[in-house]
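J.: Residue numbers (our numbering), protein chains in the order written: chain A, 1 to 209; chain B, 1001 to 1209. After the structure tokens below, expect a handful of questions from me.
Number of protein chains: 2
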Amino acid sequence: MKLYDADFAPSPRRVRIFLAEKGIEIPTVKVDLRNREQLGEEFHKVNPWCTVPALELDDGTRLSEIPVISLYFEQLHPEPPLIGTDAKDRALVMMWDRHMEQDGVAAVAEAFRNSHPAFKDRALTGPHDVAQIPELAERGRKRYGWYLEALDRRLADAEFVAGERYTIADITALAAVDFARAVKVGDIDGHANVQRWYDKVSSRPSAKA
Amino acid sequence: MKLYDADFAPSPRRVRIFLAEKGIEIPTVKVDLRNREQLGEEFHKVNPWCTVPALELDDGTRLSEIPVISLYFEQLHPEPPLIGTDAKDRALVMMWDRHMEQDGVAAVAEAFRNSHPAFKDRALTGPHDVAQIPELAERGRKRYGWYLEALDRRLADAEFVAGERYTIADITALAAVDFARAVKVGDIDGHANVQRWYDKVSSRPSAKA
């Protein structure tokens, strides 16, 4: 098994943190996103959607998409549970995780990829060039603000994003917050519950993964 | 258990088809999307993200997000399998399903919601108003064209979207194609493999659900 990984990107980090929490170590292959290796012919065979992370199994099967790869590892290594302990709990964790991705990570990506010069014509991942839209950069910033407000309300009622246990939803939310800070789309100042949660999750050893 | 459902929308249809394939019947509550009932105070208690479908369990737990609701039912009623038969197969099906959603359904929604007058200031689902961006409507149409090309290539090699069995990925792709036809974002003419697959999946009794 090997994991296609990359530096400086929030997506592969989400899987690295997940694996660190599980205590799973597997060989990795670095993909050079800065030189657009993910768009090349070689990587196209691994993942025609041109995204990292991707996972290659020993029988040659290739998997893409973070929640898919994560659930695969969860089924192989159920302990500690990061995506729920039974059908209902799993559904709740996956629901929160999707919202952290769609409302958090995706909002930051929308703001960043539609404004940074390095992403000119690369406003979306994938094999096709997509032009930046300045209004989308604005929209992404606004959406990230709404996301932080909603996350703060949630964390007023719950210790972790999906409830009383640390789960994959915390990993995704941590990736969103750190991504937003790194690319200057927004910070968590003024959101006391998010700050309390952030201090806790970012001090776990896995956060360095 | 009850399912919050709605007329004329591709999202709740995806769950209705899934349940029909499983032979599951549960009580439904209709949400009036045309009068924006999904944004009202009552429905906010059911799903603060204001989307339909939503599922309420007998203990009061509320679930949102189609893949989450679908996987919950799959675990309760494994037969016939629509999301895979083991960890690897499940991962492959979920991967294909996510791509059908992100590249297909989401592309059509981007085109439609950013152009139709009824969605003025409702370019995204959720509690916040979001203005339409005409360039996004164009982008959505283009993305849907790319999606059909990729789907046609896939269906040249595979009988169904995720491989040799009918799965949730076919349901999502069918919803994308029918949505695009209904709102005139595009049609499948000229994509012979998509046409062959479409004739087969749309003639299953579940497609009427």
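Beta carbons are placed, not taken as given, at the ideal position from N, Cα and C, and that holds for glycine.
In or out: Glu79/A buried (at least 16 other Cβ within 10 Å) or exposed?
T.: Exposed, because fewer than 16 other Cβ atoms sit within 10 Å of the Cβ of Glu79/A.
J.: Considering only the beta carbon of each residue, do Val1052/B and Gln1038/B sit closer than 8 Å?
T.: It is a contact, given that the beta carbons lie within the stated cut-off.
J.: Where Arg1090/B and Ala1137/B are concerned, what is the direct C-alpha to C-alpha distance, given to the nearest angstrom?
T.: Roughly 33 Å between the two C-alpha positions.
J.: Using a Cβ cut-off of 8 Å (strictly closer), state whether Val1068/B contacts chain A.
T.: Closer than 8 Å to some Cβ of chain A, the Cβ of Val1068/B qualifies, so yes.
J.: Using beta carbons (cut-off 8 Å, strictly below), is Ile1188/B in contact with chain A?
T.: By this cut-off, Ile1188/B is not an interface position.
J.: Measuring CB atoms only, is the stretch 1197-1207 of chain B touching the stretch 1120-1129 of chain B, in the sense that at least three cross pairs come out at less than 8 Å?
T.: No, the stretch 1197-1207 of chain B is not in contact with the stretch 1120-1129 of chain B.
J.: Could you check whether the Cβ of Leu1071/B sits closer than 8 Å to any Cβ belonging to chain A?
T.: Yes, contact with chain A.
J.: If you measure beta-carbon to beta-carbon, which residues of the stretch 84-100 of chain A are closer than 8 Å to chain B?
T.: For the stretch 84-100 of chain A, which is checked against every Cβ of chain B, the residues closer than 8 Å are Ala87, Lys88, Arg90, Ala91, Leu92, Met94, Met95, Arg98, His99.
J.: Which runs of the alpha helix (DSSP H) fall wholly inside the stretch 1069-1117 of chain B and span at least 4 residues, in chain order?
T.: Correct list: 1087-1099, 1106-1113.
J.: Would you say Leu3/A and Leu71/A are within 8 Å of each other, going by their C-beta atoms?
T.: No, they are not a contact pair.
J.: Thinking Phe210/A and Leu155/A are a contact (beta carbons under 8 Å), I'd like their distance in whole angstroms, please.
T.: No answer is possible for residue 210/A: the residues shown for chain A start at 1 and end at 209.
J.: Out of curiosity, what's the CA-to-CA distance linking Val1194/B and Ile1171/B?
T.: If I take the Cα positions, the gap works out to 13 Å.
J.: Do Ala180/A and Ala169/A have their beta-carbon atoms positioned less than 8 Å apart in this structure?
T.: For Ala169/A and Ala180/A, no; Cβs fall outside 8 Å.
J.: Of the residues Lys22/A, Arg36/A, Glu25/A, which one's Cα is nearest the Cα of Asp7/A?
T.: Asp7/A has its Cα closest to that of Arg36/A, out of Lys22/A, Arg36/A, Glu25/A.
J.: Comparing the C-beta of Leu148/A with each C-beta of chain B, is any distance below 8 Å?
T.: False, the Cβ-Cβ gap to chain B never drops below 8 Å.
J.: Note the first and the last residue of the continuous beta strand (DSSP E) segment covering Lys2/A.
T.: Where Lys2/A is concerned, the enclosing beta strand (DSSP E) stretches over 2-5.
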